[in-house]
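Asks: So the sequence lines, in the order shown, correspond to chains F and C. Take the first sequence: its letter number 150 is residue 150 in the numbering used here, and every next letter is one higher. Take the second sequence: its letter number 45 is residue 1045 in the numbering used here, and every next letter is one higher. Here a beta-carbon is modelled for each residue, glycine too, at the ideal position from N, C-alpha and C. Bear in mind that the values here come from a model prediction, so they are computed numbers and not experimental data. To start, I am sharing the structure in question, which I have written as structure tokens.
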Amino acid sequence: MTTATLPAAVGKYSEAFASFAEANSDAPEWLKAVRSQAWATFSELGIPVKRRGNELWKYTDLRPLAALDFEHGIGGSVSLDEIKAAGPWDDAWDTVVVVDGVFSAELSNLQGTAGLTAGSLAEAISSGTGDIETQLASLAGREEYAFTALSTAFVDDGAYVAIADDADPATPIHVVFVTSNASGSRASYPRLLVDAGANTLAVIIETHINLAESAQLSLPVVEVFAKPGATVRHYRVQMENELSYHLGTIRVHQLDDSSFNSTTFAVGAVIARNDIHTQLDAPGASCTLHGLYMTSGTQQQDQEISTTHAKPHCTSKQFYKGILSGKSHAVFSGKVVVERDAQKSDATQKDLNLLLSRGAEIDAKPSLEIYADDVTAAHGATAGHVDRDTLFYLQSRGVDEEAAKAILIRGFAAEMLDEFKPKALYEFVERVTDERIPVLLAESDALGTA
Amino acid sequence: MGFKLIPDRMGQVYVFAPFEFNISDLAPYFFTTDHPSRSYLLTNQNTISRESDLSGREYKWGFVTDVETDLAPKGLSEDIVRLISSKKGEPEWLLEWRLKAYRHWVKLAEAEAEPTWSMIDYPGIDYQDIYYYAAPKGMNEAPKSLDDVDPEMLETFEKLGIPLQERAALAGVAVDAVFDSVSVATTMEKQLGELGIIFCSFGNAVKNHPDLVKKYLGTVVPYTDNFFASLNAAVFTDGSFVYIPPGVRCPIELMTYFRINTEGSGQFERTLIIADEGAYVSYLEGCTAPFRKSSQLHAATVELIALDDSEIKYSTIQNWFPGTKDGEGGVYNFVTKRGRADKNAKISWTQVETGSAITWKYPSVILKGDNSVGEFFSVALTNNHQQADTGTKMIHIGKNTKSTIVSKGISAGKGNNTYRGQVLIMPGAENAVNHTQCDSLLIGDQCGAHTVPYIEVRNPTARLEHEASTSKVSDEQLFYLMARGLSEEEAHHMIITGWSREVFKELPFEFALEAAQLLKVSLEGAVG
């Protein structure tokens, strides 16, 4: 196929990449190779704006994003109080703060927990900590995917978390990505690399908060390596402002008997994607991917959740819930691939949605691709308004309609909120949900009586 | 007719008839005379015969009929389109429509718009290496009665077990048999005519009922719909046409039998069924093709129009030649089927897909009218190197519309089976309801089973449920049956038949039995 014109929006980033590459010409050779290869991939792909034959972006139109210009390399300053107000916080947590893609030592709160290496990704790169050279961008950035490629082309700083073999840090590790209130629309490429050693237990909270008042672009990339017997509990809180674009990617590589448990809470951004891929690459690995998304106004939340069972005896579970109001739009695209030799695989997929208003739209695509015969795989999806009979029941007990609806919505969300185990985190997502429900209800429609 | 098929939990089958009958009378209900189903009937037992000697059983419908064929040159051009049109003696407007379709198709072909999104893999089709018109000679003049039909051809249908002639009456089936692309004979046309029902070949409909054809042709599947629908619109040679007048319940099941005979030919039939207000019709379609090493293309279009308060039930048993065990030859089946249901109307698709090297088929319903109902019941089986990417689309537009999807996919050998379905609830479709269930069964470790549902909801009052499961035949169930003396193969067959029952029960009696046997034969070699 020959294309006469450049792929969409590549030109908008090429100048920034050129000056970025020049400014970082003293980077290690391997890193420069990773960046230039990623740039080559992105410049071939461009922003995926095609409306036909673009299965990965079938329901999410990125043309508004492709039309915008973002500045690069501008950072701002943030105070600790602002961070505490905008996201979950607990003084007891080991906290790594990354502002506009750059690690901030003074805002971070590290307690020197035994077996834990947490801090700046740039520093880990320059001192060659652990296996960073082979790990960085090995899961994300070399695939044919525009946003991991673009993010990897600009990979520089972020957070690095390594847990030594057999270590068991009791407290959660909180990684906060903050977009500061510096002027203008800026692009940032926050990055997190998690190296969970054998037989460890790690709790990682990844928070995205946005203090800016204009449209920002954030392309966070998280890579997680779970060594044999490692258990990683991952939480993701996405609180971008409602003008911003947040296209996040999580890539997980799992070895024998490791377990990766992820729960996402997504309420922010005008267009957000939460793209998770777990590769169950050795027998006994398991993953559980959970999420709750709430949208109102013209927001769009896009969950792209995929799991590959590459080896036998692995288990995967995907379970997402959505609450939609206003003219918002949510997408759940779940995929489970069971490869030829992955016998005894067990996979489930579920996506349940509450649709509260006439303008809202949900598109669900829970797909299974199975090449082994001794497997059990099941999926389910539902969409609908709150149940009329239940609503009537509550009203007949003297609860007014709005309050009854709020109770039902809260009840629908509760199952997912319960997945947020750390106390301060649970309290935060609960508070945000309770603040959010009246907004959702205000934009909802009365149930038809037809 | 008063037959009933009641498989119980154990998969046993009982046959009830409201009158005395000879077992041999039942033979013509089945497509072949040496069909395993016959031994079951001749034993006159109430349960399926346990003798199953299926060893070495291959495609049974692979005979070739030596009928002299009138072939147009290979390849596709405007001249071929004009030739087809003139051979059929078509009016100017239809030729114009074909040419528009052809020009659109050329544009699509230039833009490389042949669909690639489905999970099927085949060498590119050379559209210039296909006979687009292959008519049995002497058929340019349509036969006046069955006596005029080439005896050899009648023998072909005899082999196929199609109940032509008085068998048609006995079976309660009026048959329109399409041989290559020309309709051979239509039975019971007269009897149906008394009720005002029109059941004839598409060609005859164009001649005798041009207003109806003109009014509805292309209204559900326009020639711009997709690559294969455009191709079909340009070169379709014949097909069936059904019109049921207002308030008439068609008293018998209408049936069309399709067969591709000529090597290197494509079959492009077009079926148009119109149920006028308050009418009802049940329509059956069966397909076979002979054993050929080269692949054959089948690109059909079916349009159903169910006007207010009417109901159309469309059943298919698709048993095109699936190719050899090593994946040579076989029919490429690219079919566009769609119906439009107006107010209070109902369209029900039932399909059993066991044949074809490639199946690409999504019988759909546009639920346009309020309270309309759409149903899709499917069993698709892929064995050896077969690939199927099939499913449905339910487009909810009217209020209180309801759709049900039950899809069963069976993969064996090196087969790949994909369910791909869309349920779209438009903003105006208040209180739409959909229930989807798609289950897959895997037999052997070289096959694949895939599920790709698209659920798109734009109205909050909609209720949607989607469930799917994939598994293999349970070891416990197999063990149980084998402990009771069934061979592994019989046990598999019994479990699979029971598993497919939800779909089979939607089929008319003859088809249900045939379908169960087809599954058995098609699965041959997949177990053990």
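How should P438 (chain F) be labelled, buried or exposed, when 16 other C-beta atoms within 10 angstroms of its C-beta is the threshold for buried?
Replies: Classification for P438 (chain F): exposed.
Asks: So which residues of chain C does T308 (chain F) contact, with C-beta pairs closer than 9 angstroms?
Replies: Within 9 angstroms Cβ-Cβ: nothing; T308 (chain F) doesn't reach chain C, min ~14 angstroms.
Asks: Do the segment 119–131 of chain F and the segment 212–221 of chain F meet, that is, are 3 or more Cβ pairs less than 8 angstroms apart?
Replies: Counting Cβ pairs under 8 angstroms, fewer than three are found: no touch.
Asks: Out of curiosity, what's the CA-to-CA distance linking E443 (chain F) and H290 (chain F)?
Replies: Near 26 angstroms, if we compare the C-alpha coordinates of H290 (chain F) and E443 (chain F).
Asks: Does K421 (chain F) come within less than 8 angstroms of chain C when only Cβ atoms are used?
Replies: Output row for K421 (chain F): interface = no.
Asks: Using a Cβ cut-off of 7 angstroms, pull out every chain C residue sitting near I132 (chain F), in sequence order please.
Replies: Per Cβ cutoff of 7 angstroms: no residues; I132 (chain F) is ~37 angstroms from chain C at best.
Asks: Would the beta-carbon of V432 (chain F) fall within 8 angstroms of that of V375 (chain F)?
Replies: No, Cβ-Cβ distance for V432 (chain F) and V375 (chain F) is not below 8 angstroms.
Asks: What does DSSP give as the partner residues of Y189 (chain F) in its beta bridges?
Replies: Beta-bridge pairing links Y189 (chain F) to no other residue.
Asks: So, using beta-carbon positions, are Y293 (chain F) and A330 (chain F) closer together than 8 angstroms?
Replies: Closer than 8 angstroms, so yes.
Asks: Helix or strand or just coil, what does DSSP make of L440 (chain F)?
Replies: Three-state DSSP puts L440 (chain F) in a helix.
Asks: What whole-angstrom Cβ distance do I1425 (chain C) and V1457 (chain C) have, given they're in contact under 8 angstroms?
Replies: About 5 angstroms separates the two Cβ atoms, so the contact holds.
Asks: Mind listing the chain C neighbours of V252 (chain F)? Cutoff is C-beta to C-beta under 8 angstroms, in chain order.
Replies: Those do not exist, as V252 (chain F) stays about 23 angstroms from chain C at its closest Cβ, beyond 8 angstroms.
Asks: Pick from F:L417, F:L441 and F:Q254: whose alpha carbon is nearest that of F225 (chain F)?
Replies: Minimum Cα distance to F225 (chain F) is reached at F:Q254.
Asks: Is the Cβ-Cβ distance between L68 (chain F) and S214 (chain F) less than 8 angstroms?
Replies: Contact flag unset, no.
Asks: Output, in chain order, the set of chain F residues within a Cβ distance shorter than 9 angstroms of W1117 (chain C).
Replies: Near W1117 (chain C) (Cβ distances below 9 angstroms), the residues of chain F are G53 and E55.
Asks: With H, G and I counted as helix, E and B as strand and the rest as coil, what does DSSP make of P1453 (chain C)?
Replies: Strand at P1453 (chain C).
Asks: With a Cβ-Cβ cutoff of 8 angstroms, do E1572 (chain C) and Y1280 (chain C) count as a contact?
Replies: Shown here, chain C extends from 1001 to 1528; a query on residue 1572 (chain C) therefore has no answer.
Asks: Any contact between the segment 1414–1429 of chain C and the segment 1375–1384 of chain C? By contact I mean 3 or more CB pairs, one from each, below 8 angstroms.
Replies: At 8 angstroms Cβ cutoff, the stretches touch.
Asks: With distance defined between alpha-carbon atoms, name the residue in C:Q1318, C:A1229 and C:S1469 nearest to L1519 (chain C).
Replies: Here the closest residue by C-alpha is C:Q1318.
Asks: Determine, for Y1454 (chain C), whether the minimum Cβ-Cβ distance to residues of chain F falls below 8 angstroms.
Replies: Yes - at least one Cβ of chain F is within 8 angstroms of the one on Y1454 (chain C).
Asks: Could one say the Cβ of A1449 (chain C) lies closer than 8 angstroms to chain F's Cβ atoms, at least one of them?
Replies: So, interface residue.
Asks: State whether the segment 392–399 of chain F contacts the segment 1474–1487 of chain C, with contact taken as three or more CB pairs (one from each stretch) at a distance under 8 angstroms.
Replies: Because the criterion of three Cβ pairs below 8 angstroms is not met, the segment 392–399 of chain F and the segment 1474–1487 of chain C do not touch.
Asks: Would you kindly check if the distance between the Cβ of T1354 (chain C) and the Cβ of T1301 (chain C) is under 8 angstroms?
Replies: No, the Cβ-Cβ distance between T1301 (chain C) and T1354 (chain C) is not below 8 angstroms.
Asks: Just the chain F side, please: which residues come within less than 7 angstroms of R1458 (chain C) by C-beta, in chain order?
Replies: Per Cβ cutoff of 7 angstroms: E361.
Asks: So A310 (chain F) and Q279 (chain F) are supposed to be a Cβ contact under 8 angstroms. How far apart are they, rounded?
Replies: Correct: roughly 6 angstroms between the Cβ atoms.
Asks: Looking only at its own chain, which residues have a Cβ that is under 6 angstroms from the Cβ of Q318 (chain F), when we skip the five neighbours before and after it?
Replies: Excluding positions up to five away in sequence, the list reads L289, I305, G334 and Q349.
Asks: When the distance is taken between beta carbons, is A198 (chain F) closer than 8 angstroms to P228 (chain F)?
Replies: Cβ distance < 8 angstroms, so P228 (chain F) and A198 (chain F) count as in contact.
Asks: Applying a beta-carbon distance threshold of less than 9 angstroms, which residues of chain C neighbour A377 (chain F)?
Replies: Per Cβ cutoff of 9 angstroms: S1440, A1449, T1451, A1468, S1469, T1470 and S1471.
Asks: Can the beta-carbon of I204 (chain F) be found less than 8 angstroms from the beta-carbon of V161 (chain F)?
Replies: Cβ atoms of I204 (chain F) and V161 (chain F): closer than 8 angstroms.
Asks: Does DSSP classify Q1387 (chain C) as helix, strand or coil?
Replies: Note: Q1387 (chain C) maps to strand in three-state DSSP.
Asks: What is the residue span of the alpha helix (DSSP H) that I407 (chain F) lies within?
Replies: Taken as a continuous stretch (DSSP letters only), the alpha helix (DSSP H) holding I407 (chain F) covers E401 to L417.
Asks: Just curious, the beta strand (DSSP E) that F1268 (chain C) is in, first and last residue?
Replies: From DSSP, F1268 (chain C) is part of no beta strand (DSSP E); its letter is neither H nor E.
Asks: Going by beta-carbon coordinates alone, are I1197 (chain C) and V1248 (chain C) separated by less than 8 angstroms?
Replies: Against a cut-off of 8 angstroms, the Cβ pair of V1248 (chain C) and I1197 (chain C) comes out as a contact.
Asks: Whole angstroms are fine: how far does the CA of L1108 (chain C) sit from the CA of A1512 (chain C)?
Replies: Straight-line Cα distance between these residues: approximately 39 angstroms.
Asks: Grouping DSSP H, G and I as helix and E and B as strand, with all else coil, what is I132 (chain F)?
Replies: Note: I132 (chain F) maps to helix in three-state DSSP.
Asks: Report all residues from its chain with a CB closer than 8 angstroms to the CB of I1496 (chain C); omit the five preceding and five following residues, and keep chain order.
Replies: Once the five neighbours on either side are set aside, the close Cβ partners of I1496 (chain C) are I1410, L1441, V1473, L1519 and L1523.
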